[in-house]
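One structure below.
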Amino acid sequence: MPEALSTTLLNGELIATHEARISPFDRGFLFADAVYEVVPCSNGQPLRMDAHLARLAASLDALGLSNPYSTARWRELLCGLIEANGGGNLGVYLQVTRGTSIGRDFLPPPALEPTVFGFAWRLVPPTPEQLTRGLAGVTLEDIRWLRCDIKSTALLAAVMLRRQAAERGGGEAILVRDEHLAEGSSSAVFVVKNGLIATPPASCKRLPSITRQVVGDVLTALDLPLEEREIATNELTGMNEIWIASATREACAITRLDGRPVGDGCPGPVWHRVYREFQILKQRECGA
Ligand code: PLP
0 MPEALSTTLL
10 NGELIATHEA
20 RISPFDRGFL
30 FADAVYEVVP
40 CSNGQPLRMD
50 AHLARLAASL
60 DALGLSNPYS
70 TARWRELLCG
80 LIEANGGGNL
90 GVYLQVTRGT
100 SIGRDFLPPP
110 ALEPTVFGFA
120 WRLVPPTPEQ
130 LTRGLAGVTL
140 EDIRWLRCDI
150 KSTALLAAVM
160 LRRQAAERGG
170 GEAILVRDEH
180 LAEGSSSAVF
190 VVKNGLIATP
200 PASCKRLPSI
210 TRQVVGDVLT
220 ALDLPLEERE
230 IATNELTGMN
240 EIWIASATRE
250 ACAITRLDGR
260 PVGDGCPGPV
270 WHRVYREFQI
280 LKQRECGA
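Dropping the structure here:
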């Protein structure tokens with residue numbers, strides 16, 4: 000992972016990254032009692048900022064945490080963080096924890112002051128060689144909880160799964176639950192069979208991915224229909240194309256699954272069109 004850039008957001012202040020400190024009694028540290036967002040930023044402009052802030056608000060709501068800032072204030076802080084780190088193409092991380100209370104009680108005391116933390120890193124676009132090669136995926140049983148719709152910092156299962164995938168040479172874990180595709184360990188998944196594109200519907204088993212919405216808009220612009228349906232695990236082996244989508248990886252072709260080629264083992268024709276149109280959409284929404 001690329002390094003955090005020099006300026007960090009902590010509780011409404013922009014400070015030097017190496018000076019950022021929180022208490023070990025912060026409930027984010029003790030309980031992962033916290034939610035987060037990752038907002039991609041192209042040409043110094045956040046992509047789909049309002050959708051990311053709306054999802055952050057929904058995650059806070061699910062934890063019974065009040066939103067520390069208005070949307071306008073979030074926008075201001077996010078743009079301030081981007082600018083202070085030199086703009087360009089960035090990933091921006093935002094986290095809100097329930098706050099600090101000295102002790103450790105599962106039941107949180109009421110009305111703690113939330114901790115708000117944010118940092119940015121430079122997003123490096125994939126090389127032409129990486130684009131041509133695509134990524135290897137490894138299917139793994141989803142061992143996460145049943146509120147995967149909340150963007151919680153409790154990511155231990157995802158970390159374990161991602162490590163398992165990496166040990167088998169995979170760049171992403173493709174998670175399956177009850178014989179059906181859930182999502183990637185940190186991505187949404189799309190499949191293509193005989194020209195028909197599908198992705199699983201919204202559910203507590205998966206995060207409502209913002210990039211999935213962007214890819215949906217890209218497909219609409221290309222006049223390609225998208226079906227939302229549950230996808231059985233045994234369908235995955237026969238797919239012509241599989242892509243993952245996330246804020247930092249955009250749409251990325253999975254060219255091998257469990258050591259076997261997906262389609263002809265190269266990024267497919269539909270992915271190529273989606274990738275090109277995605278770049279056009281970014282230019283349109285974030286400027287050249
Ligand atoms: N699903 C999971 C579990 C994720 O962690 C992520 C992103 O980190 C996604 C899907 C993709 O979401 P987004 O497109 O908003 O980055």
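FYI, numbering that gives the first Met the number 0 numbers position 140 of the sequence shown as 139, with every residue one higher than the one before it. We treat Cβ as the ideally placed atom computed from N, Cα and C, and that holds for glycine. Being a predicted model, the structure only gives us computed values, none of them experimental.
The bridge partners DSSP lists for phenylalanine 189 are Trp242.
Closest in C-alpha terms to glutamate 240, from the list Glu229, Gly262, Thr232, Leu225, comes Gly262. Threonine 138 has its CB no nearer than 7 Å to any heavy atom of ligand 1. Relative to the non-hydrogen atoms of ligand 1, the Cβ of serine 41 never comes closer than 7 Å to any of them. For tryptophan 270, the secondary structure class from DSSP, reduced to helix, strand or coil, is helix.
With respect to the C-alpha of valine 190, the residue from Val214, Leu122, Pro127 having the closest C-alpha is Val214. Check the Cα spacing between glutamine 129 and each of Ala250, Ser185, Pro1, Val269: the tightest is with Ala250. The DSSP assignment places 134-140, 171-176, 179-183, 187-192, 195-198 as complete runs of the beta strand (DSSP E) inside the region 130-214, in order along the chain (cut-off: 3 residues). Boundaries of the beta strand (DSSP E) harbouring isoleucine 14: 12-15, taken from the DSSP string. If you draw a straight line from the Cα of leucine 160 to the Cα of tyrosine 35, it comes to about 20 Å.
When C-alpha distances from leucine 225 are compared across Asn233, Gly194, Thr254, the shortest belongs to Gly194.
Cβ-Cβ distances below 8 Å link aspartate 32 to Arg26, Leu62, Thr96, Arg97, Pro107 in the same chain, with the five nearest sequence neighbours on each side left out; the list follows chain order. Secondary structure note for glutamate 226: it is in no alpha helix (DSSP H), and the uninterrupted beta strand (DSSP E) holding it is 225-227. Around the C-beta of cysteine 203, fewer than 16 other C-beta atoms lie within 10 Å, and the residue is accordingly described as exposed. Exclusion of the five residues before and after cysteine 285 leaves Ser41, Asn42, Gln44, Leu46 as the residues of its chain whose Cβ lies within less than 7 Å of its Cβ.
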